[in-house]
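Residue numbers (the numbering used here): 15 to 232.
Just so it is clear, CB atoms sit at the ideal spot from N, CA and C, and this is done for glycine as well.
Here the structure is a predicted model, which is why all the values come from computation and not from measurement.
Everything on this sheet refers to the single structure shown next.
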């Protein structure tokens with residue numbers, strides 16, 4: 015899963031990446047921080063393709079799956095020949111984790127999966143709520159129901175406002191914070207990113223406010 019779309023690469027996509035990497039001899043850096051937050055199907059990795067374990071760096075962490083964003087702890091799985099260069103980079107950049115953070119990460123990774131599974135199911139319900147509510151607002155559409163992560167992209171061009179103006183005015187007039195999709199590149203123009211990490215009650219209220227704002231534009 016990826017930010018900001020919540021999209022998930024298909025098996026065919028990963029096969030293609032593996033083929034290109036193998037033919038060109040390049041490394042693949044695979045950010046799999048949202049691997050536990052897949053709603054449709056199951057997580058897959060390019061590292062599982064034949065020969066790719068030796069040329070893939072898998073990045074993961076505790077921020078998303080264990081709701082430990084503020085703890086700032088992550089980890090990587092490296093091919094043997096890259097372990098020493100990675101260690102040299104790390105030791106000159108941040109030295110080590112504070113002991114209490116390392117203990118918290120160990121507890122999260124060795125603990126039961128139940129809380130994460132429950133959180134994933136709740137996120138899935140929140141995704142469906144926001145997807146349906148936004149698509150019911152005139153001038154706003156969400157083309158893709160996110161298959162993972164905790165974000166979706168909504169097209170607001172039908173409101174007559176540019177995405178940046180929409181986000182700024184929505185914050186000022188309704189107190190709802192979104193992110194202009196253009197911050198993620200030119201293809202994000204006309205889109206806004208919405209996080210559904212809040213409670214269903216708060217998300218419903220946010221959608222009410224978005225609908226009220228959109229109604230003033232027509």
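When C-alpha distances from residue 162 are compared across 133, 155, 153 and 176, the shortest belongs to 133. Taking 8 Å as the upper bound for CB-CB distance, residue 71 and residue 41 are in contact here, some 6 Å apart.
Cα atoms of residue 180 and residue 27: separation of roughly 33 Å, rounded to the nearest angstrom. Nearest in C-alpha terms to residue 115, of all of 142, 146 and 75, is 75. In this structure, DSSP gives residue 89 an extended state, which the three-state scheme calls strand.
Under the DSSP assignment, residue 206 falls outside any alpha helix (DSSP H), being part of the beta strand (DSSP E) whose first and last residues are 205-209.
Between residue 177 and residue 206, the gap from beta carbon to beta carbon is short of 7 Å. Distance from the CA atom of residue 158 to the CA atom of residue 167, rounded to whole angstroms, is 8 Å.
Of the residues assessed, residue 18 falls on the buried side of the cut-off, its CB having 16 or more other CB atoms within 10 angstroms.
Counting along the chain, the unbroken beta strand (DSSP E) around residue 165 starts and ends at 165-169. Separation of residue 131 and residue 232 (C-alpha to C-alpha, rounded to the nearest whole angstrom) is 42 Å. Per DSSP, reduced to three states, the secondary structure at residue 70 is strand. Listed as beta-bridge partners of residue 127 by DSSP are no residues whatsoever. No Cβ-Cβ contact shorter than 7 Å links residue 32 with residue 50. Judged by DSSP in its simplified three-state form, residue 222 adopts helix. Separation of residue 140 and residue 165 (C-alpha to C-alpha, rounded to the nearest whole angstrom) is 10 Å. Of 21, 47 and 218, the smallest CA-CA separation from residue 143 is found for 218.
Residue 199 and residue 175 have their C-alpha atoms spaced approximately 18 Å apart. Scanning its chain for C-beta atoms nearer than 8 Å, with the 5 sequence neighbours on each side dropped, one finds around residue 137 the residues 51, 53, 164, 210 and 211, in chain order.
In its chain, beyond the 5 residues on either side, 151 have a beta carbon closer than 6 Å to the beta carbon of residue 225.
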